[in-house]
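Chains as they are written, first to last, in the working numbering: chain A, 3 to 317; chain B, 5 to 506; chain C, -5 to 312.
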Amino acid sequence: MPKTRKWTEFFSKNGSVAVILLLVIFSSLFVNHFFALNNFALILKQAAIPSIACIGMTLVLMTGGIDLSLGYMIGLSSISVGLLVKTYGVSIPLSMLITLVLGALVGLFNGFCVQKIKVPAFITTLGTGFILLGVAQIISNGASINHLPEAFLAIGKTKIGLLNTTVFISLGFCLVFYYVLHLSTFGRSLSAFGLSEPASRLSGCPTARINITVYVISSVLASVAGILLSMDVNCAQPTMGGGDYTFQVITAAVLGGVSLYGGIGSVPGAVFGVISLKVINNCINLLNVPYYWGSAVLGIIILLAIIFQNAKGRK
Amino acid sequence: MNNTILEMNHISKYIYDAYGKPIHGTDVKILNDVHFDVREQEVHILIGENGAGKSTLMKILGGIIPHDEGSIALFGKEVRFTNPRQSQTMGIGFIHQELDLCLNLDVAQNLFLGKETGKLFSDRRGMYEASREMLSRLGFDIDPATPVRLLSTAHQQMVEIVKAVSCDCKIIIMDEPTASLTQGEIDHLFEIIRNLKKQGVSTVYISHRFEELKEIGDRLTVLRDGGYVGTIDMSEFDHDKVVNMMVGRTLSHMYTCRHTPSAEEVLRVEGLKIAPETEPISIAVHRGEVVGIGGLVGAGRTELAKSIYGVRSSYGGKIYYQGKLVEKRNPQRWIDQGLMYLTEDRKLEGLVLPMSIEGNITLASLRRLFPNARLKSKVEREISTSMIKKLRIVCRGPKQRAATLSGGNQQKVVLGKWLSAKPKLLILDEPTRGVDVGAKAEIYEIIDGLAADGVAIMMISSELPELINMSDRIYVMRRGAVSAEMTDPDTFTQERVLAYTL
Amino acid sequence: MNRKYGNAKNLLLLGLIAAIVLVSGLMIPRFLSLENILNVIRQTAIVSLVSYGSAMVIIIRGIDLSVGGLIAFCAMISGIMMKSGLPMGLAMLAGVVCGALMGLFSGVMVEKLEVPAFITTLVMGQVATGLSLVLGGGNSLGGFSDAYVFIGNGSFLGIPISIYITLFFVILSYLIMNRTRLGTHIYALGGNEQVVRNQGISTAKIRYFVFAYSGVCAAVAGILLSAQMNTVHPQQGGTYQLDAVAACVIGGVNMAGGEGKVYLALAGALTLGFLRNALNLIGLHPYYQNLIVGVLLILIVGMSMYRRNKALEKSLIF
């Protein structure tokens, strides 16, 4: 096979790599102050937490579903852990555990509605999202909680070299889920389920369990993200995350190569997608483009990504 | 003798592979040099076994699929049908087996779909009046404002008939119209057909039911294995002669028989009903035995298999596996216990097409091969390579995507999946559908080998030669229940099996 | 039997509205005052407008999640046009046309590229929100002409103009769906797409129209909202999206497609409006409201899905 053909094949399979490379090259050439170690460290730090959430979203998208409640779960977990740790003085490990369990319960509910009652995922998670938002605001009376305990913040913000612990925590999650998705039978069954639900079910894959599990994973990872975000900004907010955050995570997932019909997706892809997004944000900042361009640019990027993905002809 | 209004000559249709390229070779054409003509004011019956090509031929006439070779002449003019609408406008009405109606609309809306009258606003009153008239003209007592989903199947069919008849057509194709009708409704249908004949409309009537054919038909054409056998006048109709035309010679050199059935029962089904109103089914399969399940499409064979497998609800009855009563049935449990089901539709239910051969072959064995949930690519590679060799799968390697394989090789991959899972009882649903002759013979050998190793096999097949030559016993199904059990292989003939299916 | 059931569902809906109104009227002093009722109806006008378009999209088995963004974007467009001197009528028309075009774009993506509707409209909504942020320079736009404000808040013959507008659109929607052949085709597409194709009807045209119409409805709603508040806030779309879907669902528009009356979405919107109003007057924080709407949404869709699955299982003739 001619050399160029091999490269095109590689890039069409690993589009996310292509995207990142192009972005980095382009930015390094045309954007001042981009190509600096400090800047790269910043980008990595910014990408750490969304990557965790994006892994969860990727898994859900791979089943052909969607989790529109992700951003609101972040808010609920943020304010929950804040309330537990600061207002009620519960020990830090226990607070985090409770928050994670909360996430798991939300995910179970989502998964149950989607799998057993067959309510479409976008309806379920749309509804759940607003429920979570409501609960978050009620339990906090709309107020944020500042000045969280030092010990709590230290978990995320301790600096190791140019990066902080959050990055390494995120890395840990990425490695764990790389194993789950790419090296375990669960991941194989998940891919099969996303590509062909009837074939996988008739071949003995536990499709019901898989479908529910991905929503649990997504909500738990969203909880983790909420906890880490609270450490990051030293503030527990009921409005943390939100609908915009959900959308950014979805954009990152799509950039990372997730197929919206299911079955195709990867953990490295999720991470690359988030990094790509943060590179774009970074450039917008460095170029002094007003912040409010962010949404529009993001929207147009994912629009183009979807058009490009599908104009090639799916499957 | 009446004039010929439709002539289809030398019609051929190829099978297409996953890339959309036609596969050449006379033994794999769906239709091969078929001739069919219709005269004015006649009822022309089209029969043949499952897979003989009748539906395909009619789909070509109905504009649903194009023909690859040959010519079609309608009223003397050469035509080529490109879409259903065009075929309708030219005067060909089609009543499908699967209903072509929008269930959420009412009768009048369905009748006028695409042909609504009225300028800015639709002329509802006019359409309802016209519908009422059309319905009563054919003697149907249906209120045009009734939502179609509330009608019984028979009534829905009547609406379809009205729809077809009202498009001013000269030829109406009816595909198995009496499948779900009572005797009274059948009589009514025949009266309509006769009336149509008087009004100058010819009917092409596809059916298996010999009793009906004699009543309504003028001529009869037989297709077999995609080829044209002959056309006879109904005045010369002879039951045995027609059956003979349908079944043809057996290619017995394709089959080996190395296995001997034992007396040890592996599966026993007692009193299982696949629908509330059907008869209970009782069958049994033994170690090392190949049990054939025959019957027409729609007889309920796949439904039976799916009920046993636990992916379809059943009504009453007990299932015993290896002597023990089975309470909960689902694919996971069955596979763990050694009962497996190779589905009828490999593209949708058998293979994960975008996945590699390797991934597909190991899909049913994941729990068994990797008990601690950790995939080992070396193990996968070994298993898939050995399956590829054993089943002689033609491919570029285990990593090739299943979608790019030919039909026969795809089927072998599915077989490989189940073989890797070490089955004790394997249900095969149309194992050689869409498979070329060479691969067919190989698959027969594999099945025989499995039985010789002690696997119990339940084989659902619509191909009579296959059924007769492979089976040690045959259950024939009809209308959701077993109509006969044939136990002596020496007495297996296609005629006998066919008799039980009709 | 099903026809009786269909009527029973409508009666249930009416009963629900009546119950809410009655109970609230009894328990809350100010609830049944003319002033309050007119207020609710005026506010409900916005949601109901959006829900007409959403209902149509749901009927063809899609969903329009872009309405939130369009509410802001189209209002922003017309606001900016007015500020730069364009006559009010033309400016509003510009906004509506934008809504139609965005909707049309979604329709094209769904039809030609076969991208699932929920993702397409989700993304388009984000693009719309983003564009309205850019257009407004990150800020809201306000201080419009008196005429504009009058349209939002004034009355004609004692009835708020908002109500005229929503009545106009509900009648228009009714006429389209029940009296034209396009309407029949829309229902047909939701019922069985293959049959529609077989009859030679262009599914593309149907989809384009429905999505464009949804865009128009969202645009009108957004412009009306900004007239009521005398300000365009780039994030004003917010919960209207959720409410529109909830209104459709309460009004009996089936998620599985092919069924539902658009004017019932109005009833659903009214139910929602009175519910929110009652909760407000009790003193229940807005926080609770979204929660309850979310619960309602899942509950109603869940029940209808559950029932539908049971019916489907039963009807599995072999």
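Backbone N, C-alpha and C fix where the C-beta goes; we use that ideal spot for every residue, glycine too.
Just so you know, these numbers come straight off a predicted model, no measurement behind them.
Handout entry: Residue from B:Q187, B:N108, B:Q326 and B:V251 whose Cα sits closest to the Cα of A267 of chain B
Key = Position 263 of the second sequence, counted from the start, is the residue given in the question as residue 267 of chain B. Of B:Q187, B:N108, B:Q326 and B:V251, the residue nearest in Cα terms is B:Q326.
Exercise for the section: Give the straight-line distance between the Cα atoms of V34 of chain C and G267 of chain C, rounded to the nearest whole angstrom. Expected result: Counted from its first residue, the third sequence places residue 34 of chain C at position 40. Counted from its first residue, the third sequence places residue 267 of chain C at position 273. Approximately 6 Å, taken between the alpha carbons.
Problem - N-terminal and C-terminal residue of the alpha helix (DSSP H) that V178 of chain A is part of - result: The residue given as residue 178 of chain A occupies position 176 in the first sequence. Taken as a continuous stretch (DSSP letters only), the alpha helix (DSSP H) holding V178 of chain A covers T167 to Y180.
Practice task
Flag this pair as touching only if the segment 167 to 177 of chain B and the segment 88 to 102 of chain B have three or more C-beta atom pairs under 8 Å; answer yes or no.
Solution key: yes
Problem - Own chain residues within Cβ distance below 8 Å of G136 of chain C, not counting five before or after - result: Your numbering for residue 136 of chain C matches position 142 in the third sequence. Around G136 of chain C: N224, T225 and V226.
Exercise for the section: Taking L289 of chain A as the query, report the chain B residues whose CB atoms sit under 7 Å from its CB, ordered along the chain. Expected result: As a position in the first sequence, residue 289 of chain A is number 287, starting the count at 1. Those within 7 Å of L289 of chain A in chain B number zero; the least Cβ separation is about 40 Å.
Exercise for the section: Would you identify the three-state DSSP class for Y234 of chain C, choosing helix, strand or coil? Expected result: Numbered from 1 along the third sequence, position 240 holds the residue referred to as residue 234 of chain C. Note: Y234 of chain C maps to helix in three-state DSSP.
Problem - Stretch-stretch touch, CB-based, cutoff 8 Å, three pairs: the segment 359 to 367 of chain B with the segment 383 to 397 of chain B - result: yes
Problem - Spatial distance of V137 of chain A from M118 of chain C (CA atoms) - result: To locate residue 137 of chain A, count along the first sequence from 1; it is residue 135. To locate residue 118 of chain C, count along the third sequence from 1; it is residue 124. Each residue's alpha carbon lies about 29 Å from the other.
Exercise for the section: Determine whether the Cβ of L135 of chain A lies closer than 8 Å to any Cβ atom of chain C. Expected result: As a first step, residue 135 of chain A is located in the first sequence; it is residue number 133 there, counting from the start. For L135 of chain A, the answer is yes, since a Cβ of chain C falls inside 8 Å of its Cβ.
Practice task
Check the Cβ-Cβ distances between V256 of chain C and every residue of chain B, and say whether any is below 8 Å.
Solution key: One-based indexing of the third sequence puts residue 256 of chain C at position 262. Output row for V256 of chain C: interface = no.
Practice task
Compute the Euclidean distance between the alpha carbons of S97 of chain A and I45 of chain A, then round it to the nearest angstrom.
Solution key: If you number the first sequence from 1, residue 97 of chain A lands on position 95. If you number the first sequence from 1, residue 45 of chain A lands on position 43. Approximately 29 Å, taken between the alpha carbons.
Exercise for the section: Out of B:Y448, B:S381 and B:F194, state which residue places its alpha-carbon closest to the alpha-carbon of K403 of chain B. Expected result: Locating residue 403 of chain B in the second sequence gives position 399, counting from the first residue. Answer by Cα proximity: B:S381.
Problem - Rounded distance between the beta-carbons of V222 of chain A and G109 of chain A, thought under 8 Å - result: Within the first sequence, residue 109 of chain A is the residue found at index 107, counting from 1. Within the first sequence, residue 222 of chain A is the residue found at index 220, counting from 1. That pair is a contact at about 6 Å.
Practice task
Would you mind stating whether A240 of chain C and V164 of chain C have Cβ atoms separated by less than 8 Å?
Solution key: Translated into the one-based positions of the third sequence, residue 240 of chain C becomes position 246. Translated into the one-based positions of the third sequence, residue 164 of chain C becomes position 170. The answer is no: Cβ separation not under 8 Å.
Problem - Enclosing beta strand (DSSP E) for Y479 of chain B [first to last residue] - result: Stepping through the second sequence from its first residue, residue 479 of chain B is reached at position 475. Looking at the DSSP string, the run of the beta strand (DSSP E) that includes Y479 of chain B is R477 to R482.
Problem - Inter-stretch contact (C-beta, 8 Å, three-pair minimum) for the segment 258 to 269 of chain A and the segment 28 to 44 of chain A - result: no
Exercise for the section: Let me know the secondary structure DSSP gives L429 of chain B once reduced to three states. Expected result: Taking the second sequence and counting its residues from 1, one reaches residue 429 of chain B at position 425. Note: L429 of chain B maps to strand in three-state DSSP.
Practice task
With DSSP collapsed to three states, give me the class of A267 of chain B.
Solution key: For the purposes of this step, residue 267 of chain B is taken as the residue at position 263 of the second sequence. Three-state result, A267 of chain B: coil.
Problem - Through-space distance from G342 of chain B to K426 of chain B, alpha-carbon basis - result: Within the second sequence, the letter at position 422 stands for residue 426 of chain B. Within the second sequence, the letter at position 338 stands for residue 342 of chain B. Taking the straight line joining both Cα atoms gives about 7 Å.
Practice task
Leaving aside the five residues before and after L1 of chain A along the sequence, list all residues of the same chain whose C-beta is less than 8 Å from its C-beta, in chain order.
Solution key: Beyond the ends of chain A as shown, which are 3 and 317, falls residue 1 of chain A; an answer cannot be given.
Practice task
Could you please give me the residues that DSSP links to E489 of chain B through a beta bridge?
Solution key: Locating residue 489 of chain B in the second sequence gives position 485, where the first residue counts as 1. BP columns for E489 of chain B point to B:Y479.
Practice task
Output, in chain order, the set of chain A residues within a Cβ distance shorter than 8 Å of F268 of chain C.
Solution key: Position 274 of the third sequence holds residue 268 of chain C. Within 8 Å Cβ-Cβ: nothing; F268 of chain C doesn't reach chain A, min ~19 Å.
Exercise for the section: Verify the CB distance criterion: does E105 of chain C have a CB-CB separation below 8 Å to chain B? Expected result: Your numbering for residue 105 of chain C matches position 111 in the third sequence. Output row for E105 of chain C: interface = no.
Handout entry: Interface flag, L305 of chain A vs chain C, CB-CB below 8 Å
Key = As a working mapping, residue 305 of chain A is identified with position 303 in the first sequence. Yes, because at least one Cβ of chain C sits closer than 8 Å to the Cβ of L305 of chain A.
Practice task
Report yes or no: is there a C-beta of chain B within less than 8 Å of the C-beta of A194 of chain A?
Solution key: Within the first sequence, the letter at position 192 stands for residue 194 of chain A. Cβ-Cβ to chain B under 8 Å: yes for A194 of chain A.
Practice task
Keeping to the same chain, check which residues put their C-beta closer than 6 Å to that of E283 of chain B; ignore five residues upstream and five downstream.
Solution key: On the second sequence, residue 283 of chain B is found 279 positions in, with the first residue counted as 1. Taken in chain order, the residues that qualify are A485.
Practice task
Measure how close the beta-carbons of C237 of chain A and N148 of chain A come, nearest whole angstrom, since I'm counting them as under 8 Å.
Solution key: Position 235 of the first sequence, counted from the first residue, corresponds to residue 237 of chain A. Position 146 of the first sequence, counted from the first residue, corresponds to residue 148 of chain A. Indeed they touch by this definition, with Cβ atoms about 5 Å apart.
Practice task
Answer yes or no: does any C-beta atom of chain A fall closer than 8 Å to that of M50 of chain C?
Solution key: Looking up residue 50 of chain C in the third sequence gives position 56. Not one chain A Cβ lies under 8 Å of M50 of chain C.
Exercise for the section: Assign Y293 of chain A to one of two classes, buried (16 or more other C-beta atoms within 10 Å of its C-beta) or exposed (fewer than that). Expected result: In the first sequence, residue 293 of chain A corresponds to position 291, counting from 1. Exposed: under 16 other Cβ atoms inside 10 Å.
Exercise for the section: Would you tell me roughly how many angstroms separate the C-alpha atoms of A77 of chain B and K444 of chain B, rounded to the nearest one? Expected result: Reading the second sequence from its first residue, position 73 is the one you call residue 77 of chain B. Reading the second sequence from its first residue, position 440 is the one you call residue 444 of chain B. Each residue's alpha carbon lies about 37 Å from the other.
Exercise for the section: State yes or no: is the beta carbon of F374 of chain B nearer than 8 Å to at least one beta carbon in chain C? Expected result: As a working note, residue 374 of chain B is residue 370 in the second sequence. Chain C contact via Cβ: absent.
Problem - Which of helix, strand or coil DSSP assigns to V294 of chain B - result: Residue mapping note: residue 294 of chain B aligns to position 290 of the second sequence, counting from 1. Note: V294 of chain B maps to strand in three-state DSSP.
Practice task
Put V92 of chain A into one of helix, strand or coil per three-state DSSP.
Solution key: Translated into the one-based positions of the first sequence, residue 92 of chain A becomes position 90. If DSSP states are grouped into helix, strand and coil, V92 of chain A belongs with coil.
Exercise for the section: Compare the C-beta of F179 of chain A with all C-beta atoms of chain B and state if any pair is closer than 8 Å. Expected result: Mapped onto the first sequence, residue 179 of chain A falls at position 177. Closer than 8 Å: no.
Problem - Alpha-carbon spacing of V313 of chain C relative to L59 of chain C, whole angstroms - result: Since the first residue shown for chain C is -5 and the last is 312, residue 313 of chain C is missing from the structure and cannot be characterised.
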